[in-house]
Amino acid sequence: MTFQVYDSGAQDFMNKNAELEKGKFSIRYIMDQLAASRSLNLSFRVDIIPTKDSLFISGTETIGQILDAIVRTSPSLQYQINENAVVISDAPPKNNTTKYTLYGNVKDFESGESLSYANILIWKEGNDKQLIGSSVSNDFGFYSITVKEGLYSVEYRFLGFQQTDTLIHIDRNSRLDKELIPNFNNLEPVVVMSDDAMRAIVYNPPGVRKIELHTENEVPYFLGEKDVLQKAMLLPGISNVSEDATGVNVRGGNVDQNRILLDNATIYNSSHFYGLVSVFNPDAVKDVILFKSGVHPRYGGRTSSVFVVNQKEGNNKKVQAKGTLGTTFSRFMLEGPIKKLNSSFLLSARGAFPDLEYLDFLSSIPEASFLDINAKWNTTLNTRNRIYLSFYRGRDKAKDIQNADRSWGNLNYTLRWNHVFNKRIFGNFSFISSNYKYNSQSTSGLNITQDQSRIADLELISDFSFFLSPESTFDFGFQSSKHKFIPGRRVLIDSTSQVNEEFSLQNENAIESSVYGNLEFKYKKKLTVRFGGRISNFTKLGEGKVLIYDSLRTKSNDTVIDSLTRNFGKGEIISSFFGLEPRFSANLQLGKSSTLKFSYDRHQQYLHLISNTLTTVPTDIWKMSGPYVRPSQSNNYTLGFYHIPEKFRLESHFEVFFRETSNIVDYKNGAQLFLNENIETELLQGRGRSFGMEFFVKSNISDKLSGWLSYTLSRSLRRYQGRFQEEVINGGLFYPSKNDKLHDISVTWFYKISERLKLSGNFVFSTGRPTTLPSGKFLIDGTFVPSFSDRNQQSLPNYHRLDLGLRWLPDSKKKSVGLKNGTWALSIYNVYSRRNINDYFLSYDEQTKETSIQEYEIFNTIFPSLTYSFKL
Amino acid sequence: MKEKDLSNKIMFRSLSIFMIHYLGLIGMMSCQQFNLEEQLTDGNQLVVNGLITDGDGPFEVSITRTVPYLSSDSQRLVTDASVSVIDNFGDTIPYGGGEGGIYRSLRPLFSGDVGATYKLRIVLSDSNIYESREAFLRPMGVLDELKCLNCSDTEQTRKELTGVIRGLEDVENLYRWKIYRNKRLLSEPEDIMLIKPRNSPQGLTNHPINHRTFEVGDTIQIEQLSLTQEMFDFLNLVVDQSRGQAGSSPVLPANAVGNITNLNNPTEEVLGFFGASSIQSKEIVISSGNL
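Chains A and B, in that order, are what the protein sequence lines are. The C-terminal position of the first sequence is numbered 1055 in my numbering, with every residue numbered one higher than the one before it. The C-terminal position of the second sequence is numbered 325 in my numbering, with every residue numbered one higher than the one before it.
See below:
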C-alpha cells in the first residue's frame, strides 16, 4: 500500500465531502481543486504530479477517499497529514513483498461467451519490461494470477481475437473480467504465427491440441457438413478403420478407448449415419480439446485418448440466429440473452432430410435419417456463482440390410455450477446424466420382435483449481458415476406364433469413483512440469448371477459348474477394482523457437465395447469389468519436439509414442456375440502395443496459400496367449490389430482466389489395414466351409482420396447478416472417384449356396454437396 | 539474428526436401498393383469327417485337404491313409478303401452301441498319426412323426413340413436332422439343421423346417442324429462359417476345428469331426391331403 501518515485530529476534515464536481478529471486538476478548497490546506510540488493520470469523480467522495484514490492511481505519490495540512510528496521506493491476486473471466466481446484456454500474460512495467508470469483460462474462462504489488501490463490473447493490453496497478486483490474483440480481419484459415497459437503449442503437454473450429468452414467435408471428428482425422495419429466406422482410432487404439465428452457428459456413440458424420452440431460447439497423451488427471476411464467438446453458452448480449441449408443436412441455431449480460440461451437443431435418395448408393444405409437437438442455458447469479444447464439429444433411424427398423441415439443433460470460492480457488460442480439406447425391430418367424439395449449413467463431479502463484496451479477433485447397462432384451411387439421369443440379458450396475490431483509449475519460464495422478475404483454391484466355470477348461457353456453359480442381491458387491494412474508431463523450451516435451500417463478402463462386426456399429453393446473381464490399463509415453521459427510462418512438431495396454478385449475365433447370455465365454483379454512417430507441419506458404501436412508412421499390435488353445490367437505371438496402418498421410491446403472466393482441399493416403480372409475351403456334407490362416494376416488395398471445397463469401463491404448475405460452400468428396475398399467380407450367395469374398466400398464415385450458410 | 534466420531457413528447406522425397517414396510404393489372390495362400490343412451310428453300416470317414479359397477345385483327396476306429473296449474296427478320399468300415454287420465311445485313428503316408477324442454315442428321443402343414391348401403349391420330436427326459436333447429329398441329401448350410427341442408338457416338440418348402410328389426323409454338446457346437460353427459374415450380427472368422489331433504335432489344426450318433429316420410323401 502507498505510504500514508495520519494523525488523530485529521479525521474530521478527511471525512468531509470534497465538494468536487462530477466527471473525469486529471489528478493535477483535482489537486488544484482541493488546494482551492477552504476546508483543506494542501501543498505539493507541481513537477511530481503525473500529467496523464486521471480519476472519475462522482461528487459524493470525502477528502480522504479522494486522497486515497489519487495515491492508488499514482503510486509514485504519498500524502502526509499534519493537523489541517496535507502534504503530497514523492513516495519512497518500496520493497514490498505482499502479493495480490488478479482474477476474473475472459469473454467474447460479441457474444459474452467465456473463452477457455485464453492466454493471460503479465508484464512488470518499468524501464525494463519483464514477463512475470502467465496463466491460461480454464474451461469456464476463469483465470487467476498472484503477483507482488506493482504496476503491471496484462495481455489477454486468444486465437481469432484482438489482443487486449491493460495497465493496472495491483495493490489489492482485484477482479478484472476482460472481453476480447473478435478479430474479423484475421480470419485466415491458418494463422500459424500468432503468438497465442504459438504459446498454446509451447504450453500444452505433448499430444494435446485444440481443434480450431474457426477455420472449419475452409476444409471440404463429406456432404459439406462441418465435422469435428473428420477434422481431427486430418491430424497425425488419428484415423478410422472404415469411412463408415463409428468413432476414431487414436494411435492404434480401439474406438472404445476414446472418452468423448460433451459438456462433461459421456457420448457412447459419437456418430450418425453409421459413422459418416459425428454427432457434434458445429453451430453448438464452442471448442474441442483433444488429448492423445499428456491427459490431465481430471479425465480418465479410457486407455487411449480424450476428446473434450464444450458447447457454446449462448450470446448474452444480443439475439442471433444462424442457419445452414444443404443438399443433405440443414441446421438452425438461435441464441440470445434472457437477461442481458446475465443469462443466455442457445437452441440448435440439425437434421438430415428424411428421404435420402441422394444417398442411395450407400448400400449400407438404405434408408437413414437423423436429428440433433442441442440446448444450453446459463445464468450468472453474482460475481461468484454461475449456473449452466445443457442438453443434447441425438437420434438416428435406419433400415438395415435385413430390413429391420433401427433407431439409436444419445441423450445427455449436464447441470453445472461454477463457484469462485475466493480469488485463487475456483470450483466447478457438475451433475450429469448420460444415456444411450438403441432399438431394432424385426420380423422373426411369425413374431415381430424388438431388440433393445440401453446405457444410463448418472455422474457427480467436483473440480477445483487452486492458483497458487503465477508459476503454479493445483487442480484437484473427485468424480463418482453410477452406471447401469441393459445390454439386451427382446420384447414381443406382435405375435401370431405360440413360441415366445422374449428374453432378457442380465443388467449390469456399477459405481465408478475417482479422486485426482495435478500440480503444474513453471521453473524459470523455460520448464513447465505437471505431475499428479488419479486413483479410481470400480465396483460392480448386484443384482446379478455369476456363473462359475471349470478352471481346467476354457470358459464355455459346456464348462459351467451349475452347482457353484452365485446369485448376488441388489446392491451387493460382485467385484471391485482399484486403479492408480500416475500422470506426468514436462515441457522444456529450447531457445525461442523450439520446445522439447515428454509425457507419461497411465489410464485404467473399466468399460469395454463388445463389437460383433468388422467395424463398430451403433448396436454394439458395452460390458463392465467384473469377475471375468478385468479392467484394461495402458501406459503411454510420448516424446515430442516442437519447432516454431519466428520468421517462417511455420509450425511443426515431431512426436514419438509408445503405448502398452494390458487386458485389452478381443474375441475368440468364431465368437458369437449377439444377444449372448454368457458373453464372457467369447472374450479374450491380452496385450496391445502401439508405437510410432507423428510429424505435423503447418505453414502460411504465401499470403494466398496455406495448409498443413500430417504424417504418421506407426504399428498397432495385439497378443493373446491364454491358458487354453481356444484362448490363443496366432500362436500367442504379436499380430497386427485391425487399426494397424503403417503410413497415414493427409495434406490440407487453402488457397484464396480472391477476397470472396476460396478454394480448399484434402488429400489423404493410408496403407491398407489388416483383415482376415479365408485362404482355403473344404466340404462337409456337401457344404463348402471356408478355412482361415492366422488372424489379420491379409490387408486391404491402400486408401487414398482427394476432396475439394469452394467457398463463396458475402461481400465484406456489405453487412454479412441477412438471408441474402450468406456463404455458399461447394464440397466435392472423392474427386477422382477412387473405389476405396473399406473391407472385405464373406458374402453368402443364396443362388450358389456358397460364400465369396466381396469388396465393401462406401463411396465409389465423386460425391458433391452444396450448402448455404446465413446469419440473421 | 540473421545467422539464426539463415539456419532456420536451411533447416526448413532440408526438412521439406526430405519429406517430399520420403512421401514420394511412399507414393511410389503404394502404386504397386494390389493382388488379393497372392495373399490367400492355402495352408493345405487336413480335413477329416466321420460318423458311426447305431444304424446299419458300413460307416464312412472322408479324408481330404483344403484347396485354395479362390480355386475352382472343391477338394484335394487323401487316398493313402490307414484308418481304424477303436471302441471303449479296445476293439479295433478296420476301415478300407480310400477312393475319392472315402474310407469305409470293413467289418460286416458292425454298428455302434448306445453308451459306447469310439475313437478314430488315422496314419498318413508321411507317418503323421491323427486321433480323435472319444466320441460318445448318445441315446435319443423319438422322431414321432412328420407332418405337412399346408397340404390341404390346394392353392399353395409349396408345402411346408414339421417334425414332431419326443425328447428324452432329464437330459439335454441335441439333434441334427439330415434332409433327403427323393433320396438325395440336401446340402446347403441351412440343411444342417441343429435342434434343441424344448418339450411341451406332453413331451412333444414341433419343429418346422422353416427354410425349405416342398412339392407334391416329393419323398422327404428326415434322418435324426443324436449329438454330444461338442458335436453340436462344431456343427453350429460349420453352419455359421459357411454362411459368411454379412448382416448385423455375423460371427467372427474361425476354423472348423473339431476333435481330431495330430499326435506328432499337436499344434496342427485339423479340420472336421469324428462323431457317434443314434439314428432314426421318418419318411413322408407329400400329397395334397396328407396332414
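We put the CB at the ideal spot given by N, CA and C, even for glycine. This one's a predicted model, so the numbers in the text were calculated from it and none came from an experiment.
{"Item": "Whole-angstrom distance between Arg200/B and Thr87/B, CA atom to CA atom", "Value": "20 Å"}
{"Item": "Check: Pro231/B C-beta below 7 Å from any heavy atom of the ligand PLP", "Value": "The ligand content of the structure shown is nil, which means the ligand PLP is not present either."}
{"Item": "C-alpha distance - Asn993/A paired with Lys806/A, whole-angstrom precision", "Value": "For clarity, residue 993/A is Pro in the given sequence; the question names Asn instead. Cα to Cα, the separation comes out at about 50 Å."}
{"Item": "7 Å Cβ cut-off: residues of chain B touching Pro980/A", "Value": "Phe68"}
{"Item": "Chain-ordered chain A contacts of Val81/B [CB-CB under 7 Å]", "Value": "Phe961"}
{"Item": "Any 3 or more C-beta pairs closer than 8 Å across the segment 283-293 of chain A and the segment 240-255 of chain A", "Value": "no"}
{"Item": "Where Gly506/A falls, given that 16 or more other Cβ within 10 Å makes a residue buried", "Value": "buried"}
{"Item": "Residue from Asn557/A, Ser759/A and Phe946/A whose Cα sits closest to the Cα of Ser984/A", "Value": "Checking the sequence, you will find Arg at residue 984/A rather than Ser. Considering only alpha carbons, the answer is Phe946/A."}
{"Item": "Cutoff 7 Å; reference Leu773/A; Cβ partners in own chain excluding five residues on either side", "Value": "Leu779"}
{"Item": "Meets three-Cβ-pair contact criterion under 8 Å: the segment 97-106 of chain B and the segment 74-89 of chain B", "Value": "yes"}
{"Item": "Residue range of the unbroken beta strand (DSSP E) whose run includes Val743/A", "Value": "It is not in any beta strand (DSSP E) - Val743/A carries neither H nor E in the DSSP assignment."}
{"Item": "Cβ neighbours of Tyr103/B in the same chain (closer than 6 Å, five flanking residues each side left out)", "Value": "Leu74"}
{"Item": "Backbone CA spacing between Val424/A and Ser453/A [nearest angstrom]", "Value": "15 Å"}
{"Item": "3-residue-minimum beta strand (DSSP E) runs that sit fully inside the segment 145-175 of chain B, ordered along the chain", "Value": "151-157 and 163-166"}
{"Item": "Alpha-carbon to alpha-carbon, Val968/A and Gly146/B", "Value": "28 Å"}
{"Item": "Asp114/B: contacting residues in chain A (beta-carbon distance under 9 Å)", "Value": "Those do not exist, as Asp114/B stays about 19 Å from chain A at its closest Cβ, beyond 9 Å."}
{"Item": "C-beta atoms of Ser422/A and Ser873/A nearer than 8 Å", "Value": "no"}
{"Item": "Contact check, Thr597/A vs Asn447/A, beta carbons under 8 Å", "Value": "yes"}
{"Item": "Under 9 Å from the C-beta of Ile226/B: neighbouring residues of chain A", "Value": "Ile963, Asp964 and Thr966"}
{"Item": "Top-ranked residue by Cα proximity to Gly497/A, from Thr256/A, Gln788/A, Ser645/A and Ser573/A", "Value": "Ser573/A"}
{"Item": "Interfacial residues, the segment 260-287 of chain B to chain A, with Cβ spacing under 9 Å", "Value": "Gln263, Glu264, Asp267, Leu269, Asn270, Leu271, Val272, Val273, Asp274, Gln275, Ser276, Arg277, Gly278, Gln279, Ala280, Gly281, Ser282, Ser283, Pro284, Val285, Leu286 and Pro287"}
{"Item": "Short Cβ contact (8 Å threshold) for Gln787/A with Gly483/A", "Value": "yes"}
{"Item": "Where Leu956/A meets chain B, residues with beta-carbon distance less than 9 Å", "Value": "Leu70, Gln73, Leu74, Tyr103 and Pro287"}
{"Item": "Neighbour-count burial assignment, Pro953/A, 16 or more Cβ in a 10 Å radius", "Value": "buried"}
{"Item": "Bounding residues of the alpha helix (DSSP H) (the contiguous stretch that carries Val272/B)", "Value": "Gln263 to Ser276"}
{"Item": "Members of the segment 1012-1037 of chain A near chain B, C-beta cut-off 7 Å", "Value": "Phe1024, Leu1025, Ser1026, Tyr1027, Lys1032 and Thr1034"}
{"Item": "DSSP state of Lys667/A mapped onto helix, strand, coil", "Value": "strand"}
{"Item": "Cutoff 8 Å: Gln109/B Cβ touching any chain A Cβ", "Value": "yes"}
{"Item": "Where the segment 845-868 of chain A meets chain B: residues whose CB sits under 7 Å from a CB there", "Value": "Tyr850, Asn852, Gly853, Ala854, Gln855 and Phe857"}
{"Item": "Boundaries (first-last residue) of the beta strand (DSSP E) holding Glu834/A", "Value": "Leu833 to Tyr850"}
{"Item": "Simplified DSSP state of Ser312/B, which is helix, strand or coil", "Value": "coil"}
{"Item": "Phe857/A, DSSP secondary structure in three states", "Value": "coil"}
{"Item": "Buried or exposed (CB count within 10 angstroms, at least 16 for buried), Gln662/A", "Value": "buried"}
{"Item": "Buried versus exposed, by CB contacts within 10 Å (16 or more), Gly754/A", "Value": "exposed"}
{"Item": "Alpha carbon of Met184/A to alpha carbon of Lys312/A, nearest angstrom", "Value": "Note on Met184/A: pLDDT 35, under 50, position unreliable in the model; the coordinate value appears next. Their backbone Cα atoms lie some 22 Å apart in a straight line."}
{"Item": "Chain B within 8 Å of Phe971/A, Cβ atoms only", "Value": "yes"}
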